[in-house]
Amino acid sequence: MKLLTHFGRYYMLMAKTFAKPQKNSIYFKQTIKEIDKLGINSIGIVFIISVFMGAVITLQTRYNLENPLIPLYLVGLTARDTMILEFSSTIVGLILAGKVGSNIASEIGTMRVTEQIDALEIMGINSASYLIFPKIIAAIFINPFLNILSMFVGIAGGWVAAVSSGALSTADYLYGIHYAFIPYYIVYSMVKTVVFAFIITSVPAYHGFYVKGGALEVGKASTKGVVYSSILILLFNVIITQLMLAK
Amino acid sequence: MIELRNVRKAFSGREVLKGINVTFEKGKTNLIIGQSGSGKTVLLKSIIGLHEIDDGQILFDNRDFTHMRNRDRKKIRQEFGMVFQGGALFDSATVEENVMFSLNMFTDKTYEEKLDRVNFVLKRVNLVNVNHLYPSEISGGMQKRVAIARAIALNPRYLFCDEPNSGLDPKTGIVIDNLIREITEEYNITTIVNTHDMNSVTEIGDKILYLYLGEQNWVGNKDEIFSSGSEQLDNFVFATTLMRRIKSNFK
Numbered sequence: 001m002k003l004l005t006h007f008g009r010y011y012m013l014m015a016k017t018f019a020k021p022q023k024n025s026i027y028f029k030q031t032i033k034e035i036d037k038l039g040i041n042s043i044g045i046v047f048i049i050s051v052f053m054g055a056v057i058t059l060q061t062r063y064n065l066e067n068p069l070i071p072l073y074l075v076g077l078t079a080r081d082t083m084i085l086e087f088s089s090t091i092v093g094l095i096l097a098g099k100v101g102s103n104i105a106s107e108i109g110t111m112r113v114t115e116q117i118d119a120l121e122i123m124g125i126n127s128a129s130y131l132i133f134p135k136i137i138a139a140i141f142i143n144p145f146l147n148i149l150s151m152f153v154g155i156a157g158g159w160v161a162a163v164s165s166g167a168l169s170t171a172d173y174l175y176g177i178h179y180a181f182i183p184y185y186i187v188y189s190m191v192k193t194v195v196f197a198f199i200i201t202s203v204p205a206y207h208g209f210y211v212k213g214g215a216l217e218v219g220k221a222s223t224k225g226v227v228y229s230s231i232l233i234l235l236f237n238v239i240i241t242q243l244m245l246a247k
Numbered sequence: 248m249i250e251l252r253n254v255r256k257a258f259s260g261r262e263v264l265k266g267i268n269v270t271f272e273k274g275k276t277n278l279i280i281g282q283s284g285s286g287k288t289v290l291l292k293s294i295i296g297l298h299e300i301d302d303g304q305i306l307f308d309n310r311d312f313t314h315m316r317n318r319d320r321k322k323i324r325q326e327f328g329m330v331f332q333g334g335a336l337f338d339s340a341t342v343e344e345n346v347m348f349s350l351n352m353f354t355d356k357t358y359e360e361k362l363d364r365v366n367f368v369l370k371r372v373n374l375v376n377v378n379h380l381y382p383s384e385i386s387g388g389m390q391k392r393v394a395i396a397r398a399i400a401l402n403p404r405y406l407f408c409d410e411p412n413s414g415l416d417p418k419t420g421i422v423i424d425n426l427i428r429e430i431t432e433e434y435n436i437t438t439i440v441n442t443h444d445m446n447s448v449t450e451i452g453d454k455i456l457y458l459y460l461g462e463q464n465w466v467g468n469k470d471e472i473f474s475s476g477s478e479q480l481d482n483f484v485f486a487t488t489l490m491r492r493i494k495s496n497f498k
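Chain order of the listed sequences is A and B.
Every letter in the first sequence is one number past the one before it in my numbering, and letter 114, counting from 1, is 114.
Counting the second sequence from 1 gives a position; my numbering is that position plus 247.
Encoded structure:
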C-alpha cells in the first residue's frame with residue numbers, strides 16, 4: 001500500500017515536473033547551470049574510477065588466464081566489453097547516484113524545510129518543474145558524454161596497467177580491443193545511461209521534494225534518495241539487458 | 248479585500264479551523280493573532296492556498312479562490328507577496344537575484360529596467376550596497392527587509408507576512424512593522440500579518456483577528472483590544488508583567 005502511495009506521488013510529481021515550462025529562457029539557463037553542477041563537476045570522479053577499474057579488470061583477467069591455448073588478446077576484448085556493457089553505464093550510474101543523488105535530495109529537501117519551495121509556489125511558479133525539470137534534462141544530456149569518457153578512460157587505464165606491469169603487450173591489447181567489436185553494445189550502453197540519468201535525478205528529487213521536518217529529515221531523505229535510486233538502477237539494468245540483449 | 252466565509256480545516260479528524268468569518272480590508276494592516284497552536288499559521292497557509300480548506304470560501308476581491316482552477320490560481324498568486332517567518336530567501340542567490348527573481352519569471356523587462364526596480368524596492372526597505380551579498384552574509388533584520396523587497400517587487404495587491412518579527416530584537420521588529428504598515432498604505436494593498444508579537448499588535452493592528460483553539464474569538468482593532476471583553480484574549484494580551492502594568496496605567 002505504501003509502495004503504491006509512493007508510486008502515485010512520484011507519478012504526480014513527474015506530471016507536474018514535465019508541465020509546460022513557464023519561461024523557456026529561464027529554464028534554459030537553469031539547465032546549463034545543472035549541466036555544470038551535475039555533469040562537468042562529476043568528470044573528475046568518473047575519470048579516476050574508470051582508470052582504476054579498467055586497470056583492475058585487465059590485470060585480473062590476465063592473471064586468471066592460465067591456459068596457454070587461450071589467446072592473450074582476449075584480455076583486451078574483456079576489458080573493452082566489460083567497460084562498454086556494464087561498467088561505464090551501470091557502475092558509473094551507481095557512483096553518480098551517490099554523488100549527484102545525495103546532492104539533489106539535500107538541495108531540494110533544504111529548500112522545502114526552509115520554505116523556499118513554498119515561496120516559489122506563492123509566487124505562482126510551478127516549483128516542481130522549475131527545480132526538477134532542468135536537473136533531469138541536464139543529466140539526460142550530459143551523462144552519455146560521461147559514459148563515453150568512462151569507456152575511453154577505462155580502456156586506456158587497462159592498457160597502461162597491462163603494459164606497465166608487463167602482463168600484456170601493447171599489440172595484444174590493441175588487437176583485443178579491436179577484435180569482434182559490436183557497435184550495438186554502445187547503443188545498449190547509451191540507452192541504459194539515459195534511463196539511469198532519469199532515475200538518478202528524479203528519485204532523489206522526489207524524496208527531497210516531499211521531506212517534512214528539519215535537518216535530520218533532509219539527511220534521511222538524502223540517504224533514501226541514494227538507496228532507492230541505486231536499487232532502481234540495478235532493477236532497470238536487468239530489465240534493459242533482457243529487452244535489448246536477449247536473442 | 249480578502250473575505251473568509253465559514254472557513255474550516257481539519258487534519259486527521261482534528262478540527263484546526265472552526266468556521267472563520269472575517270473580511271480583511273484593503274489599505275489596512277490586518278493581523279491574525281493567537282497562541283502557538285491556535286491555528287493562525289494554518290489559516291494563513293489556507294488563505295494563500297498552501298493548504299486546501301475542507302469547507303467555506305476564500306474570496307480575493309470577490310474572486311472565489313477556493314473553487315478556482317489551478318491555472319487561474321496561479322494568476323492570482325502573481326498578485327501575492329509573501330514574507331515567510333524565516334525569510335525563505337533563496338540561499339544560493341544574491342540579494343539582487345532574490346529580488347529580481349519574480350521580475351525575471353513574470354516580466355519581459357530588460358535587465359536595466361529590472362535592476363532599476365530592484366534598486367528601487369531595496370531602497371524602499373532602506374537597504375543599499377547589499378545587491379551582491381548572499382542571504383547568509385546579512386543580518387536577520389536585513390534578511391526580513393530583503394524578503395519584503397522581494398515580496399513587493401511585482402507591485403502585489405495582497406501582502407502576507409508570517410511572523411515577520413520572530414527572531415528580531417524589539418527595535419528592529421518595530422522597524423519591520425512600520426515598513427509593512429507604510430508599504431500597505433502607500434501601495435493601498437491588503438496586508439495580513441500573522442503574529443504573536445504584542446508590539447506589532449499595538450503598533451500596526453488596524454484590524455485584528457484573535458484565534459483561540461481554532462475558533463474566531465474576537466475581531467477588533469488595536470485601540471479596542473485593551474477592552475475586548477474576551478477573557479481568552481485578555482489572558483493572551485496581558486500575559487506578561489509589562490502588559491499588565493500598561494493595562495493598569497491605561498485604566
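All C-beta atoms, glycine included, are put in the ideal place defined by N, C-alpha and C.
From a predicted model like this one, the values you see are computed outputs, not experimental measurements.
What do you reckon, are the CB atoms on Lys135 (chain A) and Leu38 (chain A) nearer than 8 Å? For the purposes of this step, residue 135 (chain A) is identified with residue 135 of the first sequence, where counting begins at 1. For the purposes of this step, residue 38 (chain A) is identified with residue 38 of the first sequence, where counting begins at 1. Lys135 (chain A) places its beta carbon less than 8 Å from that of Leu38 (chain A).
Three-state secondary structure (DSSP) of Leu458 (chain B): Looking up residue 458 (chain B) in the second sequence gives position 211. Residue state, collapsed to three classes: strand.
Terminal residues of the beta strand (DSSP E) in which Phe327 (chain B) lies: Residue numbering aside, residue 327 (chain B) sits at position 80 when the second sequence is read from its first letter. Here the beta strand (DSSP E) through Phe327 (chain B) covers Phe327 to Val330.
State the start and end residues of the unbroken alpha helix (DSSP H) segment that holds Arg392 (chain B). Residue 392 (chain B) sits at position 145 when you count from the first residue of the second sequence. Taken as a continuous stretch (DSSP letters only), the alpha helix (DSSP H) holding Arg392 (chain B) covers Gly387 to Ile399.
Between A:Phe28, A:Gly176, A:Arg62 and A:Phe87, which has its C-alpha nearest Ile49 (chain A)'s C-alpha? Indexing the first sequence from 1 puts residue 49 (chain A) at position 49. Comparing alpha-carbon positions, the option among A:Phe28, A:Gly176, A:Arg62 and A:Phe87 lying closest to Ile49 (chain A) turns out to be A:Phe87.
Can you list the alpha helix (DSSP H) stretches of 4 or more residues lying completely in the stretch 118 to 195 of chain A, in chain order? The qualifying runs are 127 to 165 and 170 to 178.
Compute the distance between the beta-carbons of Gly76 (chain A) and Tyr11 (chain A), then report whether it is under 8 Å. As a working note, residue 76 (chain A) is residue 76 in the first sequence. As a working note, residue 11 (chain A) is residue 11 in the first sequence. Going by C-beta atoms, Gly76 (chain A) is not nearer than 8 Å to Tyr11 (chain A).
Of the residues B:Leu251, B:Asp355, B:Ile280 and B:Val263, which one's Cα is nearest the Cα of Asn468 (chain B)? For the purposes of this step, residue 468 (chain B) is taken as residue 221 along the second sequence, with counting starting at 1. If we check each option's Cα against that of Asn468 (chain B), B:Ile280 comes out closest.
Chain B within 8 Å of Glu121 (chain A), Cβ atoms only: As a working mapping, residue 121 (chain A) is identified with position 121 in the first sequence. It does: the Cβ of Glu121 (chain A) has a partner Cβ on chain B nearer than 8 Å.
Output, in chain order, the set of chain A residues within a Cβ distance shorter than 8 Å of Gly333 (chain B). In the second sequence, the residue the question calls residue 333 (chain B) occupies position 86. Contact of Gly333 (chain B) with chain A by beta-carbon distance below 8 Å involves Thr114 and Glu115.
Mind checking Pro382 (chain B): buried by the 16 CB within 10 Å criterion, or exposed? Locating residue 382 (chain B) in the second sequence gives position 135, counting from the first residue. Pro382 (chain B) should be labelled buried.
Once DSSP output is grouped into helix, strand and coil, what is the label at Tyr381 (chain B)? Numbered from its first residue, the second sequence carries residue 381 (chain B) at position 134. Correct three-state label for Tyr381 (chain B): coil.
Supposed close pair Ala396 (chain B), Val372 (chain B) - CB separation, criterion 8 Å: Position 149 of the second sequence holds residue 396 (chain B). Position 125 of the second sequence holds residue 372 (chain B). With a Cβ gap of about 5 Å, Ala396 (chain B) and Val372 (chain B) count as contacting.
Apart from the five residues on each side of it in sequence, which residues of its chain come closer than 8 Å, Cβ to Cβ, to Ser102 (chain A)? One-based indexing of the first sequence puts residue 102 (chain A) at position 102. Within the same chain, Ser102 (chain A) has close Cβ partners Pro204, Ser222, Thr223, Gly225 and Val226.
Please classify Gly284 (chain B): does DSSP put it in a helix, a strand, or coil? Here residue 284 (chain B) refers to the residue found at position 37 of the second sequence. DSSP places Gly284 (chain B) in coil when its eight states are reduced to three.
Which residues, in order along the stretch 293 to 305 of chain B, keep a beta-carbon less than 7 Å from a beta-carbon of chain A? Residues of the stretch 293 to 305 of chain B with a C-beta atom less than 7 Å from some C-beta of chain A are Ile295 and Leu297, listed in chain order.
If the cut is a Cβ gap below 9 Å, which residues of chain B does Gly124 (chain A) touch? On the first sequence, residue 124 (chain A) is found 124 positions in, with the first residue counted as 1. Listed by position along chain B, the residues whose Cβ is nearer than 9 Å to that of Gly124 (chain A) are Arg320, Lys321, Lys322, Ile323, Arg324, Gln325, Glu326, Phe327, Ser349, Met352 and Phe353.
Between Asn464 (chain B) and Tyr210 (chain A), what straight-line distance do the alpha-carbon atoms span, to the nearest angstrom? Here the question's residue 464 (chain B) lines up with position 217 in the second sequence. Here the question's residue 210 (chain A) lines up with position 210 in the first sequence. Going by the C-alpha atoms only, they are around 34 Å apart.
Below-8 Å beta-carbon distance, Phe307 (chain B) vs any chain A residue: Here residue 307 (chain B) refers to the residue found at position 60 when the second sequence is read from its first residue. By this cut-off, Phe307 (chain B) is not an interface position.
Is it buried or exposed for Lys247 (chain A), if we count other Cβ within 10 angstroms and need 16 for buried? What you label residue 247 (chain A) is simply residue 247 of the first sequence in a count that begins at 1. It is exposed - the Cβ of Lys247 (chain A) has fewer than 16 other Cβ atoms within 10 Å.
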